[in-house]
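First the structure, in the form of structure tokens, and then the observations on it.
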Amino acid sequence: MAGTERQRELRRRRTRSKKVALLHKKAEKSSKAEKAVIAAKLRRLSPGGEQLIKAWKLA
Numbered sequence: 031m032a033g034t035e036r037q038r039e040l041r042r043r044r045t046r047s048k049k050v051a052l053l054h055k056k057a058e059k060s061s062k063a064e065k066a067v068i069a070a071k072l073r074r075l076s077p078g079g080e081q082l083i084k085a086w087k088l089a
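Residue 31 is where the sequence shown starts when you use my numbering, and the numbers rise one by one after that.
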């Protein structure tokens, strides 16, 4: 068994947080086309993706 639902949820949240941090680092140095790809990934990855896109000025 993989642990309780709470532990699985926390593991997913930590993994998502690491991925979002990596995307933010890449977004700072990217071109417009790359920013569009990063924005699409954020929309798929995170429920709050639209808010991150606005905060990072990707759209």
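Beta carbons are placed, not taken as given, at the ideal position from N, Cα and C, and that holds for glycine.
Remember, predicted model here, so these are calculated numbers, not experimental data.
Check whether residue i and residue j have beta carbons under 8 Å apart
{"i": "S76", "j": "R43", "result": "no"}
{"i": "A118", "j": "L88", "result": "Because the chain here runs from 31 to 89, residue 118 falls outside it and cannot be looked at."}
{"i": "L16", "j": "K65", "result": "Only positions 31 to 89 of the chain appear in the structure, and residue 16 is not among them; the question remains open."}
{"i": "A63", "j": "I83", "result": "no"}
Residue i in three-state terms, based on DSSP
{"i": "L88", "result": "coil"}
{"i": "T34", "result": "coil"}
{"i": "K56", "result": "helix"}
{"i": "G79", "result": "helix"}
{"i": "S61", "result": "coil"}
Inter-residue Cα distance where the pair is residue i and residue j
{"i": "A32", "j": "E39", "result": "11 Å"}
{"i": "S61", "j": "Q81", "result": "20 Å"}
{"i": "K49", "j": "R41", "result": "12 Å"}
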